[in-house]
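Chemist:
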């Protein structure tokens with residue numbers, strides 16, 4: 004998804020939000036073992052740009068397994 008400051012206007016079908024916003028940044032959702040407990044939840048989100056710098060959030064990104072319930 005492209006970065007947007009909130010979920011207002013997000014696609015309702017769960018598809019990627021690829022229009023508007025700042026597409027030079029990508030959304031990172033959820034926390035990790037490296038975060039304080041308040042950030043270890045799926046609703047936590049931030050935006051990150053890949054700039055090749057020494058500290059790059061994309062190097063900390065993983066994936067989350069999910070499935071639709073019947």
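Numbering (the working numbering), first residue to last: 4 to 73. The beta carbon of each residue, even a glycine, is placed where N, CA and C say it ideally should be. The structure displayed is predicted, hence computed values, not measured ones.
Rounded to whole angstroms, what's the CA-CA distance from residue 23 to residue 5? Just pull it up for me.
Modeler: Whole-angstrom Cα-Cα distance: 8 Å.
Chemist: Which word fits residue 31, buried or exposed, when buried means at least 16 other C-beta atoms lie within 10 angstroms of its C-beta?
Modeler: Flag for residue 31 reads buried.
Chemist: How far does the beta strand (DSSP E) with residue 30 in it extend, from its first residue to its last?
Modeler: 25 to 32 is the span of the beta strand (DSSP E), which, as asked, contains residue 30.
Chemist: Can you tell which of 68, 70, 25 has the C-alpha that lies nearest to the C-alpha of residue 8?
Modeler: Here the closest residue by C-alpha is 25.
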